[in-house]
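Beneath this line is the structure, given in structure tokens, with notes to follow.
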Amino acid sequence: MALHFEQTALIRMNYWLMKSEPDVYSLQDLARDRHTVWDGVRNYQARNFLKSMQIGDLAFFYHSNTSPPGIAGLMQISQANLDDPSQFDPGSKYYDAKSTQEKPRWQTVQVEYEEEFAHFISLDRLRQEFQPDDLWVVRQGNRLSVIPVPEAIAMQILAIGRGKA
DNA sequence: GCCAACGTTGGC
DNA sequence: GCCAACGTTGGC
708 MALHFEQTAL
718 IRMNYWLMKS
728 EPDVYSLQDL
738 ARDRHTVWDG
748 VRNYQARNFL
758 KSMQIGDLAF
768 FYHSNTSPPG
778 IAGLMQISQA
788 NLDDPSQFDP
798 GSKYYDAKST
808 QEKPRWQTVQ
818 VEYEEEFAHF
828 ISLDRLRQEF
838 QPDDLWVVRQ
848 GNRLSVIPVP
858 EAIAMQILAI
868 GRGKA
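As numbered in the numbering used here, residues 708 to 872 make up the first sequence, in order.
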């Protein structure tokens, strides 16, 4: 019945951008590992975005602090709302003494490798194509490592990365 | 390596 | 609750 298709169409997909320094962990590392827990985020606004992610959401993998910086590819959220294990590990640089198993402060997601873009999209290109209010990564001074991307912008990024724009 | 931007901490 | 000091991010 038609109602079935209308309900299917109500499923929401959200899009994100997540930064990593490729010297620390790159898209190519994720291609090798197939999936990884995105640990180490210690900013509350970024954590809140991580907590709102749902399985099946897509995230752009952004290479930061490298030359040139930019979007290298795509990944998919494969597990949602995990407690970041590094907060409990005294040997980790991300250890948080104020976190307990009963009251963890930091949540994250598991991401799964999706694709490496045929065309790496440099920050320069992103600045040419998008406005700071539409894509926060082109805002000057923006340091958030996890940001939402509006669907219409995400569609354009996908087209550019796949060489269809 | 420099440094602007900006988040966090802690004294008051 | 203010805000100076401090630490970190990340482009260049």
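In this text, a Cβ means the ideal position worked out from N, Cα and C, and glycines have one as well. Owing to the predicted nature of the structure, the values given are computational and were not obtained by experimental measurement.
Taken in chain order, the whole alpha helix (DSSP H) runs of length 4 or more contained in the stretch 768 to 850 are 830 to 836. Taken through DSSP and simplified to helix, strand or coil, K758 comes out as helix. Setting aside the 5 residues that flank it on each side, H826 is surrounded in the same chain by I867, G868, G870, each with a C-beta closer than 7 angstroms to its C-beta; the list follows chain order. Membership of M725 in the beta strand (DSSP E) is indicated by the continuous run 722 to 727.
Our two residues, R812 and E822, have alpha carbons roughly 31 angstroms apart in a direct line. Taking the CA atoms as reference points, Q847 sits about 30 angstroms from G763.
For I854, the uninterrupted beta strand (DSSP E) segment begins and ends at 853 to 856.
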